Every structure is written in structure tokens, then in C-alpha cells.
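In my numbering, the protein residues as written are 19 to 407.
The beta-carbon is built from N, C-alpha and C at its ideal position, and this holds for glycine as well.
Only a predicted model underlies this, so the values are computations on that prediction, with no experimental measurement involved.
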């Protein structure tokens, strides 16, 4: 999402809540609208699907206190996307578009990356920090992979992940200097950034090349980290994978990445989930699928059949008389867990089983049946349609 879109969209209006709504009110409004507009409840309705995505986007921002504050601050400062500052033009002001200014930057909430809106505006107007003050540095994002069984993916699981990342060097306590006494970089005066003019009275910032954005220079570089203050470290952590994840889905765990420096935020952990196949069940969106064999007599005469479910007791479904091979029935609420906590359905496909061997009694019964239905031609409509085509 571009910065312009982030500022211009009225997420409060999308969820139908006031600007001073509590977290509980926002959560309640989201759940109600999500149920009403969920694609499963509005088959082949493109407008409902678009509405559902808009509702989810609004909840992603307003449901997170940090994102909500950044969003409120941005709208208070920029209104509907136009910034006014002293300069030429009517009333001593001029306008420019945030979308043009930031060039559609991508990143975290609203396209502001890991540092947040305060970092973007602070760097733009050259007020990111006082001279001689070393700035917090956000930790790196980490990506890992995990393979789950089919059941674990549906029900959720806690799994151990062993990860390697750059962390503060233990030999020098993250200072980069083996004596623990680095000096402030004279080029950036400890900010880790240098400013450059961009015209129109504005200045943009770049990482300082002399200290590589750290704000500090090691006079006696640490032999372990070579003066970077960071060293490779491995750790094992328990990660909760939510219920209902699908194969190749990427999950973001905030603050579970590499630690930040000088009070900076931790990076995020991205986990790519792989899901093993199941010998009985399959999956289609939020629904599970299963193929159930039935006998010819069950399909022709009808009856009740027991169907297995994933991790639960079997369910009994009524099979109508004359059920054709390949017909799909539905066991509601026996599928995968959705984001709102409800469950999809179990789609049961009937497969008429043909016996490979018959005893004398069964063969005699089928011969009698064949004689009784000899006047019926099941392929008559097929040939009729072929002639008319």
C-alpha cells in the first residue's frame, strides 16, 4: 500500500466505528462485518469479496495499537493526503502529493517499513535526532521454514525453530570495540545518517558510509565481530503456528527477529509453512474434502452412511435414493479453522464401489436385476445428444 493510500483511507468509516472506539468495539465491529461479507457466505459475489478485503485491511491497522497511532498521527498531520507548508501560492502555501513524495514506498503498516511513520517524517525534515545522539537501530528480519503434518496445520501447533541471526557481539557487548569504548562517528555526529539536499528547502538522509549507519567507530576493532558490534548467533525458540494455515503460507511474528541496537525494536520473524499430505483428507480453501466409497445398493436404494472426520468422531449423513457416483454432500462445521474462529465444512464425495468378485447368491440377484431393467438404456440420452450436436 502506498503512503498516500494509507493516509486517505478512512478505516473508521470502513468498520463503522467512531474515532475514539475502544479495542473491544473495533474487534466486535470487525467480526460482525467479516461474517457478513466472508466469501464463503457470498459465493461468486465480487463486491462482497472486495468489501471483505477492505474490512480486513482496516482491522489490521486499527486492531494494532501501534499501527493505529501512526495512522491517526498521519491523518492529523496530512489530512486527506495533501501537505501544506509555508511557501509560494495562495495563502502563502503550496500542496504536494504524498504518493509522489514517497514514490509508493513499500514496507510495514501503510508502507512505512520497519521504522514507522515517525522515522519517515523525521528523516524527511532533518529532525531525526540531535547532534551527537546515537540513534536506535532496528534488528534484522529473519525468515525460516517449518513443515507441519496435515492435522497440525488444521488444528494449530507449537513447534521448535532453530534460527541463525546477527545479534550483539558478546565479546565486546555489542560496542564493536574490544575495549568497549567506541567513539562517536565525526561524520554523522553519532546519528548514523548523513543529510543531502534535494531542493525546495528539503533534505533527505542516507546511512553514513564511514560508520555504516551505526553512529559509532571502533578505534580497536573487536576480533570477533571485526568492529561491527554484531556476531552470528543461533537460538531455538518455540513458535505457535495458528490453526488453519495453508501450504506455503507466510506468517509474520512481530518482534521475534534479531534484536535491535541501542534500544531499537527487534526485527520480525517470517515463517513459511509447508504442509504434508493426508492419506484420507484433502483441503479446498477453508473446507476439508474426503472421498467415501458406497455400495451399489446404498447408492440405488439410499440409506445412512458414516463418514470419518479429522480428529473427531464420525458423522452420519443421509444418502438419498438414486445417488449418482461423484455426488458431493456437506458436513457443516467439520472443516478447517477460519481467521474469525469459525470452521469450514467437510465436503464428502460419493464413490460407488464395484465388487471385484461375486458369490453365487449375489450374482443371481444381479442377474435378476439386469433382466428386470433390460428395457432401460442408460446411454440413450448420450447417443441422442451426439446426433443433435
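On a Cα-Cα basis, can you pick out the residue from the options that is closest to residue i?
| i | options | result |
| --- | --- | --- |
| residue 234 | 89, 29, 279 and 70 | 279 |
| residue 248 | 307, 170, 226 and 156 | 156 |
| residue 345 | 299, 367 and 336 | 367 |
| residue 333 | 348, 340, 343 and 319 | 348 |
| residue 336 | 343, 325, 328 and 321 | 321 |
| residue 205 | 60, 257, 229 and 343 | 229 |
| residue 161 | 224, 304, 285 and 222 | 285 |
| residue 48 | 62, 375 and 76 | 76 |
| residue 181 | 312, 252, 50 and 314 | 252 |
| residue 266 | 391, 168 and 32 | 168 |
| residue 46 | 224, 80 and 154 | 80 |
| residue 259 | 291, 281 and 282 | 291 |
| residue 174 | 354, 310 and 298 | 354 |
| residue 327 | 287, 304 and 299 | 299 |
| residue 372 | 82, 343, 379 and 226 | 343 |
| residue 314 | 380, 303 and 207 | 380 |
| residue 214 | 207, 208 and 222 | 222 |
What separation, rounded to the nearest whole angstrom, lies between the Cα atoms of residue i and residue j?
| i | j | result |
| --- | --- | --- |
| residue 40 | residue 69 | 22 Å |
| residue 28 | residue 54 | 20 Å |
| residue 179 | residue 165 | 11 Å |
| residue 36 | residue 43 | 9 Å |
| residue 358 | residue 369 | 33 Å |
| residue 316 | residue 385 | 18 Å |
| residue 193 | residue 238 | 11 Å |
| residue 200 | residue 240 | 10 Å |
| residue 295 | residue 329 | 15 Å |
| residue 176 | residue 338 | 42 Å |
| residue 171 | residue 163 | 14 Å |
| residue 307 | residue 364 | 6 Å |
| residue 93 | residue 275 | 30 Å |
| residue 151 | residue 245 | Confidence at residue 151 is low in this model, with a pLDDT of 49, below 50, so its placement is unreliable and the value that follows should be read with caution. So the alpha carbons of these two residues sit roughly 20 Å apart. |
| residue 65 | residue 158 | 39 Å |
| residue 350 | residue 360 | 11 Å |
| residue 62 | residue 56 | 11 Å |
| residue 256 | residue 271 | 12 Å |
| residue 231 | residue 254 | 29 Å |
| residue 396 | residue 289 | 54 Å |
| residue 331 | residue 90 | 49 Å |
| residue 212 | residue 202 | 14 Å |
| residue 263 | residue 402 | 48 Å |
| residue 34 | residue 362 | 27 Å |
| residue 319 | residue 387 | 13 Å |
| residue 309 | residue 399 | 28 Å |
| residue 394 | residue 340 | 15 Å |
| residue 60 | residue 323 | 30 Å |
| residue 58 | residue 72 | 16 Å |
| residue 210 | residue 87 | 26 Å |
| residue 191 | residue 198 | 7 Å |
| residue 85 | residue 185 | 26 Å |
Please list the terminal residues of the continuous alpha helix (DSSP H) segment that includes residue i.
| i | result |
| --- | --- |
| residue 328 | Neither: residue 328 is in no alpha helix (DSSP H) and is coded neither H nor E. |
With which residues is residue i paired in a DSSP beta bridge?
| i | result |
| --- | --- |
| residue 394 | Beta-bridge pairing links residue 394 to no other residue. |
| residue 349 | 364 |
| residue 333 | 325 |
| residue 186 | 248 |
| residue 176 | 258 |
| residue 292 | 165 |
| residue 435 | Past the edges of the chain, shown from 19 to 407, lies residue 435, and the structure says nothing about it. |
| residue 155 | 279 |
| residue 369 | 311 |
| residue 388 | Its beta-bridge partners do not exist; DSSP assigns none. |
| residue 286 | Per DSSP, none; premise fails for residue 286. |
| residue 201 | 235 |
| residue 195 | 239 |
What are the boundary residues of the beta strand (DSSP E) that residue i is part of?
| i | result |
| --- | --- |
| residue 169 | It is not in any beta strand (DSSP E) - residue 169 instead sits in the alpha helix (DSSP H) that spans 168-173. |
| residue 306 | 305-312 |
| residue 376 | Note, residue 376: premise wrong, no beta strand (DSSP E); not H, not E. |
| residue 300 | 300-302 |
Check: Which full runs of the alpha helix (DSSP H) of 4+ residues lie inside the segment 30-98, going along the chain?
Finding: As far as the segment 30-98 is concerned, its whole alpha helix (DSSP H) runs of at least 4 residues are 41-55, 64-80 and 83-96.
Item checked: Segments assigned beta strand (DSSP E), at least 3 residues, entirely inside the segment 206-275 -> For the segment 206-275, the full-length beta strand (DSSP E) segments reaching 3 residues or more read 211-217, 220-225, 248-259 and 268-271 along the chain.
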